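Engineer: According to UniProt numbering, the sequence shown is numbered sequentially starting from 1. Think of the CB as a built atom: it goes at the ideal place given N, C-alpha and C, for glycine as much as any other residue. Keep in mind that this is a model prediction, so the values were computed, not measured. Structure provided below as structure tokens; questions to follow.
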Amino acid sequence: MEKTEQTVAEWYANHPISAPHILTKLKANRGSLDDVAPVDLYPYDQDHYDGLEANARLANNVRMKPGDGILDVCSGLCGPARWYAAERGVDVTGVDISTNRVDGAKELNALVGLQDRIHPILASAMALPFDNAQFDGAVSQESFLHIPDKSKALAEVFRVLRPGARFSFTDWVMHTPLSDDELAQYRSQIACQSLFSIPEYESHLKETGFAMINAQDVTHVWGDILAKRLQMYQALDAEAERAGNPSKGDDFLKMYAKFVNDVQKRRVGGVRLTGEKPD
1 MEKTEQTVAE WYANHPISAP HILTKLKANR GSLDDVAPVD LYPYDQDHYD GLEANARLAN
61 NVRMKPGDGI LDVCSGLCGP ARWYAAERGV DVTGVDISTN RVDGAKELNA LVGLQDRIHP
121 ILASAMALPF DNAQFDGAVS QESFLHIPDK SKALAEVFRV LRPGARFSFT DWVMHTPLSD
181 DELAQYRSQI ACQSLFSIPE YESHLKETGF AMINAQDVTH VWGDILAKRL QMYQALDAEA
241 ERAGNPSKGD DFLKMYAKFV NDVQKRRVGG VRLTGEKPD
């Protein structure tokens, strides 16, 4: 694992949303952890922007159908993966560089009986441990910002897709240049390694070999979503402090507030990209 990847893994080890946090919330609201179905986790385990609707859009973009083998890049706690498996009938292999996330995902998968359908693996997106042309589709949500070499990761996804398969993902983008100091703040507080513009992303996908590239600017949608996430993080941080648990602290919250402001001012934002590997 590269040093920068280790930094990202350490950042996620202290993320306010974790498997123990999800299980605590679930038990408090259900009274027990008996007979938990995937749908019971959905209010707690979808740690990405726009919830279940985002999952459905990506699933539709890659044309998921029952029996497909899907790769989820930077799969985290496998919240989306459980939705794909339960709602679309696919088998999901997830890769993530955080031991904390992979172990937590396995625990949650087993809780809802999906341990044989979802396979989280500790691995780098820049060196996928899979054969060529192995998967029927690939997805990712707001994670390529953490990858040191996006081009290498895109090439790896392209390699492991079958001809005719699609990769659909969301990620942060930069609409206007940020100062070096601002980029350093994003790197230190949110583990953001680099940002492409939308045209740069389209160019890199094309250079990798993807065709039929579609890019949708979702910045306007993210503005409200992220403001609500900031409120959620503030509440989680207060809960952690009251419980005597580690919290992300004021620096993270201030940086996230800056991120929300930057999105609302269209300095940075989001994109949903889809590309197809030619036959």
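Compute the Euclidean distance between the alpha carbons of W172 and G113, then round it to the nearest angstrom.
Structural biologist: Approximately 33 Å, taken between the alpha carbons.
Engineer: Should the segment 54-67 be regarded as contacting the segment 112-128, the criterion being three or more beta carbon pairs within less than 8 Å?
Structural biologist: no
Engineer: Rounded to the nearest angstrom, how far is the Cβ of A54 from that of T170, given a contact under 8 Å?
Structural biologist: 7 Å
Engineer: Around the Cβ of Y6, are there at least 16 other Cβ atoms within 10 angstroms (buried) or fewer (exposed)?
Structural biologist: The question names Tyr, yet the displayed sequence has Gln at residue 6. Exposed.
Engineer: At what residue ranges does the segment 97-142 contain a whole run of the alpha helix (DSSP H), taking only runs of 4 or more?
Structural biologist: 99-111
Engineer: In angstroms, rounded to a whole number, what distance separates the CA positions of N109 and C78?
Structural biologist: 8 Å
Engineer: What residue range does the alpha helix (DSSP H) around Q264 cover?
Structural biologist: 249-264
Engineer: As a quick exercise: from F135, I198, I97, pick the residue whose alpha carbon is nearest that of G164.
Structural biologist: F135
Engineer: So V268 and L195 are in contact, right, with Cβ under 8 Å, and what is the actual spacing, rounded?
Structural biologist: Contact flag correct, Cβ pair sits at about 7 Å.
Engineer: Taking the beta strand (DSSP E) that N214 falls in, what are its first and last residues?
Structural biologist: Note, N214: beta strand (DSSP E), 211-217.
Engineer: Starting from V73 and walking both ways along the beta strand (DSSP E), at which residues does that stretch end?
Structural biologist: 69-73
Engineer: Would you say G275 reaches chain C, if we count a Cβ-Cβ gap shorter than 8 Å as a contact?
Structural biologist: Of the protein chains in the structure, only one exists, and it is not chain C.
Engineer: Could you spell out where the beta strand (DSSP E) holding L161 opens and where it closes?
Structural biologist: 161-174
Engineer: What is the DSSP secondary structure of V268, counted as helix, strand or coil?
Structural biologist: strand
Engineer: Keeping to the same chain, check which residues put their C-beta closer than 6 Å to that of Q264; ignore five residues upstream and five downstream.
Structural biologist: G223
Engineer: Sort out for me which residues DSSP pairs G94 with in a bridge.
Structural biologist: According to DSSP, G94 bridges with D72, P120.
Engineer: First and last residue of the alpha helix (DSSP H) that includes V39?
Structural biologist: 38-45
Engineer: Enumerate in chain order the residues of its own chain whose CB-to-CB distance from E10 is below 6 Å, with the five nearest sequence positions on each side excluded.
Structural biologist: none
Engineer: Rounded to whole angstroms, how far is the Cβ of P129 from the Cβ of V90, which I believe are closer than 8 Å?
Structural biologist: P129 to V90, Cβ: 20 Å. No contact.
Engineer: Given a cut-off of 8 Å on the beta-carbon distance, is the pair G275 and F210 in contact?
Structural biologist: Yes, the Cβ-Cβ distance between G275 and F210 is below 8 Å.
Engineer: Would you call the CB atoms of L26 and V36 closer than 8 Å?
Structural biologist: yes
Engineer: Compute the beta-carbon to beta-carbon distance between L71 and A138, rounded to the nearest angstrom, for a pair I have assumed lies under 8 Å.
Structural biologist: The C-beta distance from L71 to A138 rounds to 4 Å, short enough to meet the 8 Å contact threshold.
Engineer: Quick test of your reading: L205 and L154, contact by CB under 8 Å. State the CB separation rounded to the nearest angstrom.
Structural biologist: 6 Å
Engineer: L236 by DSSP, collapsed to three states: which one?
Structural biologist: helix
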